[in-house]
Every structure is written in structure tokens, then in C-alpha cells.
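Enquirer: For any residue, its number in the working numbering is found by taking its place in the sequence shown, counting from 1, and adding 33. Just so you know, even glycine gets a beta-carbon here, dropped at the ideal spot from N, CA and C. Here you go, one structure.
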Amino acid sequence: MRLKLFLLLLLTAVIPSLAQTTGVAGTVVDSNTGAPVAGATVMLDNQGLQATTDPSGEFRISTAKAGDDLLVIVAYGYQDVTMNVNIVNGVIDKLGIIKMLDTNLNNVFYEDQNDMLFDQNLLEDEEGSAQSIAALTGASDDVYYNSASYDFQPMRFRIRGYDSKYTETYINGVNFNDMARGRFNYSTLGGMNRAFRDRTASLGLGAAAFGFGNIGGATDINTRASHYAPGFNGSLAYTNSNYMLRAMAMYSTGLNKNGWAFTVSAIGRYANEGVIDGTFYNSFGLFASLEKVFNDKHSLNLTVWGAPTQRATNSATYEEAYRLTGNNLYNPNWGWQNGEKRSSKIVETFDPTALLNWIWKPKNGTTLNTGAAFRAVNYSTSALNWYNAADPRPDYYRYLPSYFADNQEAFDLYTDLWRHDDSFRQINWDNLYKANYLNNQFGRGGNPDNHSSSYILENRHSNQLNFMFNSLLNHRLNDHMTLQAGVSFNYTRAHYYKTIRDLLGGEYWLDIDQFSERDFPSNPQMLQNDLRNPNRRVGKGDTFGYDYNINALHGDFWLQNIITLPQWDINYGLKIGYTQFFRDGNMQNGRAPENSYGKGVTHRFDTGALKAGATYKIDGRNFISAHAGYETVAPLFEYAYISPRIKDTAIDGLQTERILSGDISYSWNYRRFRGAITGFWTEMFDQTERSSFYDDQYSTFMNYVLKGVHTRYKGVEIGAAYKITPSLTLSAAATFARYQYKNRPEGTRSYENGMMEDISQKVYLKNFYIGGTPQTAANIGLDWAAPKSWFFNVNASWMGDAYVNLSPIRHEALPNLWEKYPTLEELEAKMGELAEQDKLKDAFVLNASVGKLVYINRKISMNFNLNVENLLNNKNIQTYGYQQGRFDYTNYDSTKYPNKYFYAQGIKVYLNVGIRF
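Shown next, in the form of C-alpha cells:
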């Protein structure tokens with residue numbers, strides 16, 4: 034019934050659009066980026082008629098009188114546009130694209146620098162938890178979001194604490210968030226940020242003309258070839274970070290007289306060794322967009338891109354290891370081999386993508402954008418594996434001096450080795466090869482015929498094939514109302530498996546589970562990773578360990594109405610969706626012989642969403658806005674299974690996640706002073722979380738799932754900018770928030786060696802903090818657009834109240850704890866110690882930029898940028914930390930398996946030279 038009333042309301046709104054009209058219509062965009070300028074005031078000066086551009090930058094005035102008039106367009110941060118128009122009775126004059134010039138030259142000048150910072154931030158946040166920030170960088174007029182985009186990034190700041198799966202990213206109207214983890218991986222773009230610069234963003238629950246959006250906002254990237262400014266631009270950059278050199282070039286023809294437009298871009302990024310020892314970076318990307326405009330109603334655009342990348346990375350480790358090495362960028366993933374540094378953790382990615390769009394404009398004010406995309410995601414990361422052998426990782430806790438705390442002689446020896454012996458504190462590749470050589474010569478385990486490797490280097494693959502389809506209708510009903518509707522479809526086939534990367538001098542690897550072999554020596558079936566190929570000997574490039582597919586599809590339909598009135602802006606919409614997925618095992622695992630091979634159970638979910646928002650314009654310079662939304666979301670298949678590498682067992686009672694969210698804000702926009710203050714509140718119910726770790730209590734690899742998780746996100750955001758002089762701007766931004774668990778969810782343990790059945794119990798997480806992001810942050814900055822095209826910026830940020838990510842096993846009931854601590858006082862003290870959630874160190878960062886823009890002639894310009902981050906060389910910034918899954922069930926010593934951390938580098942320099950013509 035509600036849906037019928039909603040559709041009826043929209044139908045009645047269409048009737049005015051059928052009447053005879055006279056006036057003008059057009060689309061207002063940023064002259065530099067091509068992004069729509071929303072909220073601009075458009076006025077026919079002589080008649081006093083006005084309209085406001087919608088989120089797609091479009092406007093229409095249809096109640097004008099025939100005759101000559103002056104069209105005036107005004108928007109904050111842009112030079113006013115005036116143009117003479119001749120209005121014909123009974124005709125809406127299509128003015129087409131109207132470009133506005135950004136008056137903030139800093140935005141234009143620092144484009145290359147922002148591209149670089151954006152690229153570097155994503156590399157430092159491999160898990161993508163903070164990528165939602167970068168997705169919203171199209172919101173260039175919002176002071177707070179601009180600061181959050183870059184200035185808070187050293188500690189992996191997340192807008193409102195949300196994971197990036199709550200931010201949607203579209204390219205030419207097609208939703209590119211994946212179905213596995215729910216997020217858009219910006220590494221797909223290969224650093225070609227200039228080619229993907231034309232972005233339109235909606236913040237939070239705000240209305241968007243390109244999609245329904247999400248609580249974390251949404252961004253649409255426009256790659257239509259006709260929208261790129263004609264000409265060449267290129268840049269060469271140096272930085273002392275993950276990579277050292279970056280070269281980019283792009284050329285666009287613009288739209289020629291035959292209706293063709295073509296844009297091509299290429300990028301290269303390289304470092305023989307990055308700022309972190311033992312890392313390297315090699316990447317090349319290519320982008321092309323071709324468009325044919327057949328007439329004013331039809332055009333076709335094809336976009337293709339891809340960027341094969343190989344890079345060596347570091348891992349989080351203990352504070353003790355950082356202290357012993359005297360280096361907060363200590364990397365345990367490399368060692369010397371034949372006089373060269375060799376890494377054990379190499380990430381290889383390549384996501385070739387093709388996107389085809391048909392744009393149909395049947396009449397003025399109506400656009401249908403239909404797109405289809407294909408993407409092949411290829412991702413692998415290498416890691417050491419070993420079988421009945423000593424742990425090869427140099428930072429293994431038993432190799433640290435603290436393990437010998439009760440043996441002073443051993444403690445001193447290991448301390449000396451850590452401080453002075455590279456072969457000890459790094460991977461000893463020679464020892465790994467030697468162990469495999471001895472196996473080749475003499476066998477192992479008392480069997481001279483057993484020549485299997487003790488150590489190997491494996492690749493862990495997470496690949497996807499994606500087919501995506503989207504059709505978006507944007508229709509102007511009348512001068513004040515627009516209707517958006519869309520339908521989308523996503524089919525994904527994900528493939529998870531391992532392969533042998535290097536046998537490290539060994540003859541083969543035996544594909545069995547070593548923990549099962551130890552615990553079930555009399556049951557050979559339990560040992561097998563694949564009963565269909567028992568005791569298989571695998572070599573380089575062979576698949577082993579686990580091998581399974583997830584087949585998933587998702588479809589949704591959404592509808593939205595945006596109403597723009599002199600005193601009010603109102604939007605409301607709904608979305609309905611359907612999701613299904615199933616596991617298809619390619620191996621018959623001996624620990625789950627009846628529940629691992631072949632097609633598994635299909636899981637189906639119906640979802641929906643409602644949202645509404647309104648802005649009250651108090652006097653044209655002061656505004657009050659409010660948004661609210663409710664949504665149900667299907668669980669992500671990557672977190673839906675308890676032990677997907679072993680068996681087809683989903684979380685018991687798997688259900689949709691429920692999200693209730695709202696915000697209210699006051700904003701002001703004066704000639705010299707603008708800003709906004711916003712309060713937000715979000716509740717998320719029935720979430721799932723999954724982690725994996727080695728369990729010391731049962732001496733096996735463990736998969737752990739939390740279900741029914743309830744979290745709360747609440748806080749205040751403020752951003753303001755004041756023009757001290759026309760060229761000198763002072764800006765400030767801050768947030769104070771709290772992100773917490775609000776219930777005691779159920780945790781389920783799944784033992785990979787099949788030792789026990791899955792066990793579920795309550796996990797005491799209520800009122801603990803969600804980790805991984807600062808919950809308090811502030812920034813103040815000063816921008817000066819100096820004479821003779823000089824540009825200066827200095828800004829300072831403080832970030833605090835960031836917590837380590839929790840391990841659920843530390844918050845389970847410990848029924849035997851009282852035996853170790855029999856008195857109430859001792860018991861309460863130990864419980865408080867075990868349950869304590871550590872905070873990351875608060876951080877202060879000072880940054881500065883300087884640059885120069887040089888016009889060689891009317892057609893050629895060059896820009897020079899120098900950006901220095903962390904001027905004070907603060908090397909104690911903890912960017913991320915987490916509690917280990919391992920736990921001491923014997924002595925309940927909370928320090929036996931301490932937290933692991935990542936640190937940021939000290940001074941980071943970025944030097945860029947760019948040219949345009």
C-alpha cells in the first residue's frame with residue numbers, strides 16, 4: 034500500500050511537466066573537472082525568475098515570457114556566469130553545458146598533488162578500511178570532508194567510523210562495489226586519478242542523481258570521452274614513500290565535428306626499494322575512452338583500463354621488535370639471499386575492465402544512461418608456509434627476548450642478536466633452502482623416500498569475474514521536481530585457491546593438513562585436503578590446500594524524487610533488492626567429506642531501503658538540513674561462511690543486516706565565511722564479522738565468526754573556512770565521535786583440523802570501542818594564493834581516541850579463571866586486565882606545501898609542487914593495531930601475545946612537475 038501511494042504521488046507530479054512551457058534549460062559544470070555544480074542559483078534577470086541546479090547540475094525555467102533576457106548563474110566558489118538569451122514562446126531553449134570557473138586556484142593548482150596523496154593513502158591502507166574517504170573527494174565545496182579526505186589520513190581515518198562498504202562508487206552510472214567485501218577497491222584504477230578525476234559526490238544520506246547512495250555517501254566517476262578538455266597534460270613526480278617515481282601522461286581530442294572523442298592516459302609507478310626496507314613497487318596503467326555522439330539524442334561510449342601491479346609489502350609486528358631494531362618501519366617480511374633483499378609478501382594485482390554506455394536523451398530534461406561492464410579481478414599475495422619445521426618468521430614470539438624473561442643469559446643473547454644480526458631479525462632464506470636440500474638428500478621423518486619440502490612460498494588467490502549492468506533514468510518533471518529511477522544487476526564468480534610460488538629448492542609439497550596429521554595419525558582421511566587426489570605431490574604453479582568458488586548475483590530497483598523550492602529542498606526515495614549466493618567446492622576435504630565438494634546450499638535474501646531528506650533555506654545564506662534512512666542489507670558472502678576453505682557451512686541463522694541512520698546540520702554561506710556543523714547517529718544490527726588465527730588451546734588453525742553484532746556510531750562534525758583576504762583563507766575542521774559495540778553477540782569457533790564440532794558462545798563486547806580509526810580529530814590550515822601564481826599552504830592535524838581492533842576470544846567467558854585467581858579482588862583485577870582495550874597513540878602532524886604556476890604562452894603552462902608531510906618528523910604515529918587471536922589459556926598472561934601495530938613514516942616529501950598544452 035505504501036509503495037502504491039508513493040508511485041501515485043510521483044505520477045501526479047508528472048502532470049505539470051506535460052503542460053506547454055517557455056524558458057531555458059541547461060547543465061552547470063565545473064570548468065576544470067567537469068563535475069556538476071549542484072545548488073547553483075540560475076536567474077532570468079529581467080523577469081526575476083530563478084531555479085536551483087539539482088545534484089546533476091541541471092536546471093530548467095519553464096514559466097518565462099518570450100523575449101530577450103540576461104541569464105545569471107551564481108555559485109559559491111565560482112565566478113558568476115552571465116549570458117544573453119533569446120526566449121521563444123512555447124520553446125525551452127537548450128543551453129547545453131555551461132562551465133563555471135573555480136575561483137579557488139588552489140583547487141586547480143594542487144590537482145597533481147592531491148592525486149599523489151590519494152594514491153599513497155590507499156597503498157598504506159591495504160585492507161581498504163579508509164577508502165571511503167577518498168571516494169568522497171568530489172565534494173570539493175565541503176570544508177570538513179576536504180580535511181577528512183587527506184589531513185586525517187595518517188591514522189586511517191574513516192568518515193563517521195563507517196567501513197568503506199557503506200560508501201558506493203559508480204563509474205558512468207554503474208555501481209562498481211564488489212559483492213565479496215562490499216567495497217570499491219581504488220587500486221583497480223591503477224593510480225590513473227587524472228583520468229578518473231571527474232567526480233560527483235553525495236555526502237551521507239544526501240540525494241544523488243546517479244544512484245540511491247548509502248549512509249557513507251556515494252560518488253560517480255564520469256569517463257565519457259567528450260567530457261575531457263582537449264589537449265595534453267603530463268607530470269613527473271618523486272616521493273620517498275611506497276614508490277619513488279611516478280610518471281603520467283594524458284591526451285584528449287575533445288569532441289570533433291564528426292561526433293568522435295577520444296582520451297588516452299598512461300601511468301608508471303616504480304621503486305627499486307620503498308621507504309620501508311625490503312619493499313619494492315612496479316606498476317603500469319593504461320586507460321582509453323572512445324565516444325561517438327550520433328546526434329543530440331544518442332551517444333555511445335566505451336571505456337577500458339587496467340594496471341598490472343607487483344609490490345612487496347610489510348606486516349604489522351610487535352612493539353618489542355620495533356624497539357629492538359630502533360626502527361618503527363621494521364619489516365619482518367624480507368631477508369638476504371645471494372646479496373639481495375628478497376621479500377616473502379608480494380602482492381600482485383591486475384583488474385582489466387571494460388565499460389560500455391549508451392546515453393539516450395529522448396527530450397529535453399530526460400536522460401537514460403544504460404551501461405554494461407565486465408571486470409576480471411586478479412589478486413594474489415605470497416606467504417611462507419612450512420610443514421613440521423621451525424617457524425621461519427623472524428618476529429615469531431618465541432624468538433623475541435621477552436620469551437626468555439626468566440632466563441637472563443638467553444634474554445641477553447637474543448637481545449644482542451636482534452640488535453646486531455640481520456640474518457636473525459630478518460628471514461634466513463639460506464636456512465630454508467638448506468632444510469629442503471637435506472630433505473632431498475636424506476629424506477625426512479625417518480623416511481628416506483620422503484623428499485617433500487619443509488618450506489615453500491605460496492600464493493593465496495582471491496579472483497573475481499564481474500558482470501555489471503545498470504540503467505539510470507533522470508527525468509525533469511517541472512522547474513522544481515526531478516525523478517530518478519534505476520535498475521542494476523551484478524553477477525560475480527569469485528575463486529579462492531592457493532598455488533605453489535616457489536618450492537625453495539625442494540622437490541615437491543605434500544598436500545595434507547599437518548595439524549590433522551598430528552592429531553589424527555590413525556585416520557588418513559582426516560589429513561587430506563582433497564580426498565579425490567589423496568597424498569598428492571604438488572609442484573610450482575599447482576593448486577593445493579583449498580580451492581572453491583562463490584557464485585553470487587544481486588539486483589535492485591530504486592526510485593527517487595527531488596523537489597527544489599524557493600524555501601525548501603526535499604528528497605525521498607526507496608530501493609528494493611535481491612541477493613543470492615552459493616559455494617561450489619573444487620576439493621573434497623577430508624575434515625568435511627560430505628560438505629565440501631560441489632555446489633552447496635543457495636542463500637537468498639530480500640532487501641529494501643527508505644530514505645528522506647530536507648533542507649530549509651532560512652534566508653539564502655543559512656540552512657538547516659536533516660536526513661534519515663532505514664535499510665536492510667544482505668550479508669557479504671566473504672563473511673557468511675564459517676570455514677569456507679574447508680566446508681559449505683554458513684553462519685547459523687544467517688540474516689540481513691539492519692541499518693537505521695539520521696543526521697541534522699546547520700550550514701552557513703557568507704561571502705567570506707562559510708561552514709557547517711552536523712550531528713549524526715547510526716545503529717547497525719545483525720552484522721557479521723569473521724577472523725582467522727592459530728588457537729593455542731587446541732593447537733590448530735581457527736576460524737571465528739561473530740553474528741548478531743550491534744554497533745552504534747554517533748558524533749559531531751564541524752568545518753569552516755574564513756577568507757581573511759581574497760587570497761588568504763583560514764580553514765578548520767574537527768570531529769568528536771563515539772563508535773561502539775552495543776550488545777553481546779554470539780561467537781562461533783570452527784577448527785580447521787576437524788578436532789571438534791563448531792562451538793558457539795556469548796562474546797562480551799558491549800560498550801567496547803570499534804577500532805581502526807580516530808574518533809576525535811581536528812585540523813587547522815592556511816591557504817595563500819600569492820601574487821604571480823605562487824601558492825602556499827600550511828596545516829596541522831591532531832588525531833586521537835583511536836583503539837586497537839578487538840579479538841573476540843579475549844572477551845569470551847573464562848570459566849576456569851577463578852581457579853588461578855581464587856580471591857574476588859584478584860579475579861576482578863585479572864578480568865579488567867584481560868578485557869582492557871588499548872588505545873593507539875595520539876598523533877600531531879604538521880604539513881606544508883608550496884608551488885608555482887608558470888604560463889609559457891597562451892597554450893602552454895607548467896606547474897611545480899613541493900609538498901612535505903609530517904614536517905616535525907614524528908615517527909611514533911601508530912596507524913593501526915590489533916589484538917592477536919592467540920591467547921594464553923594456561924597462565925592467562927595478557928602480555929604473552931601482545932598487540933601488533935603499523936607505524937607511519939616520518940617526513941614524507943612529494944615533488945611534482947606538470948605540463949599542459
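When the Cα of residue 423 is compared with those of 310, 464 and 452, which residue comes out closest?
Expert: Cα-wise, what sits closest to residue 423 is 464.
Enquirer: So who's on the other strand from residue 773, going by DSSP bridges?
Expert: Residue 773 is bridged to 745 and 802.
Enquirer: Please classify residue 821: does DSSP put it in a helix, a strand, or coil?
Expert: Here residue 821 sits in helix by DSSP.
Enquirer: Does the distance from the C-beta atom of residue 760 to that of residue 753 stay below 8 Å?
Expert: The answer is no: Cβ separation not under 8 Å.
Enquirer: How would you label residue 810, buried or exposed, when you count the other beta carbons within 10 angstroms and need 16 or more for buried?
Expert: Residue 810 is buried by the Cβ-count criterion.
Enquirer: Of the choices 81, 309 and 728, whose alpha-carbon is the least far from that of residue 365?
Expert: Selected option, being the one with the closest Cα: 309.
Enquirer: In angstroms with no decimal places, state the Cα-to-Cα distance between residue 302 and residue 275.
Expert: Using only the alpha carbons, I get a separation of about 10 Å.
Enquirer: Measure the Cβ-Cβ separation of residue 624 and residue 583 and say whether it is below 8 Å.
Expert: Contact: no.
Enquirer: Which word fits residue 739, buried or exposed, when buried means at least 16 other C-beta atoms lie within 10 angstroms of its C-beta?
Expert: Classification of residue 739: buried, given that the 10 Å Cβ count is 16 or more.
Enquirer: Can you have a look at residue 533 and say buried or exposed, based on whether 16 or more other CB atoms are within 10 angstroms of its CB?
Expert: Answer is buried; the Cβ neighbour count reaches 16.
Enquirer: Quick check on residue 660: buried or exposed, where buried means 16 or more other Cβ atoms within 10 Å of its Cβ?
Expert: So residue 660 ends up on the buried side.
Enquirer: Would you say residue 478 and residue 484 are within 8 Å of each other, going by their C-beta atoms?
Expert: No.
Enquirer: Determine which residues share a DSSP beta bridge with residue 507 and list them.
Expert: Its beta-bridge partners are 400 and 517.
Enquirer: State the Cα-Cα distance for the pair residue 771 and residue 492, rounded to the nearest angstrom.
Expert: About 39 Å.
Enquirer: DSSP has residue 480 in a bridge; who is on the other side?
Expert: For residue 480, which the question treats as bridged, DSSP gives the partners 477.
Enquirer: Whole angstroms is fine: what's the gap from residue 723's alpha carbon to residue 736's?
Expert: Taking the straight line from one Cα to the other gives about 7 Å.
Enquirer: Measure the C-alpha to C-alpha separation of residue 134 and residue 262 and round it to an integer number of angstroms.
Expert: About 14 Å.
Enquirer: Taking only the alpha-carbon atoms, compute the straight-line gap between residue 283 and residue 949 and give it to the nearest angstrom.
Expert: Near 10 Å, if we compare the C-alpha coordinates of residue 949 and residue 283.
Enquirer: Suppose you measure from the CA of residue 189 to the CA of residue 125; what does that come to, to the nearest Å?
Expert: Cα to Cα, the separation comes out at about 49 Å.
Enquirer: Between which two residues does the alpha helix (DSSP H) holding residue 559 run?
Expert: That run of the alpha helix (DSSP H) goes 557-560.
Enquirer: Please work out which residues of its chain come closer than 6 Å, Cβ to Cβ, to residue 268, disregarding the five sequence neighbours upstream and downstream, and give them in chain order.
Expert: Here the set comprises 145, 281, 945 and 947.
Enquirer: Restricting to Cα atoms, I'd like to know which of 456, 471 and 176 is closest to residue 814.
Expert: When each option's Cα is compared against that of residue 814, the closest is 176.
Enquirer: Going by the CB atoms, is the gap between residue 296 and residue 376 shorter than 8 Å?
Expert: No, these two residues do not count as a Cβ contact at 8 Å.
Enquirer: Is the distance from the Cβ of residue 131 to the Cβ of residue 105 below 8 Å?
Expert: Not a contact, by the Cβ cut-off of 8 Å.
Enquirer: Can you tell me whether residue 938 is buried or exposed? The criterion is at least 16 other CB atoms within 10 Å of its CB, across all chains shown.
Expert: Looking at its Cβ environment, which holds 16 or more other Cβ atoms inside 10 Å, residue 938 is buried.
Enquirer: Out of 299, 501 and 699, state which residue places its alpha-carbon closest to the alpha-carbon of residue 390.
Expert: That would be 501, whose Cα lies nearest to the Cα of residue 390.
Enquirer: Quick one: what does DSSP say residue 227 is sitting in, helix, strand or coil?
Expert: If DSSP states are grouped into helix, strand and coil, residue 227 belongs with coil.
Enquirer: Provide the residue(s) that pair with residue 453 in DSSP beta bridges, ordered along the chain.
Expert: Its beta-bridge partners do not exist; DSSP assigns none.
Enquirer: Report the residue from 850, 827, 871 and 674 whose alpha carbon sits nearest the alpha carbon of residue 931.
Expert: Nearest C-alpha to residue 931: 871.
Enquirer: So the candidates are 68, 91 and 186; which of them puts its Cα closest to the Cα of residue 911?
Expert: Ranking 68, 91 and 186 by Cα distance to residue 911 puts 186 first.
Enquirer: Are the beta-carbon atoms of residue 99 and residue 122 separated by less than 8 Å?
Expert: Result yes, Cβ atoms of residue 99 and residue 122 sit closer than 8 Å.
Enquirer: Cα separation between residue 926 and residue 940?
Expert: If you take the alpha carbons of residue 926 and residue 940, they lie about 37 Å apart.
Enquirer: Identify the residues that DSSP records as bridge partners of residue 614: which are they?
Expert: Bridge partners of residue 614: 585 and 636.
Enquirer: State the beta-bridge partners of residue 796 as determined by DSSP.
Expert: Paired residue(s): 845.
Enquirer: With distances taken from CA atoms, which of 206, 205, 210 and 192 is nearest residue 198?
Expert: When only C-alpha atoms are compared, the closest one is 210.
Enquirer: Using 10 angstroms around the beta-carbon of residue 218, count the other beta-carbons present and answer buried if the total reaches 16, otherwise exposed.
Expert: That one is buried.
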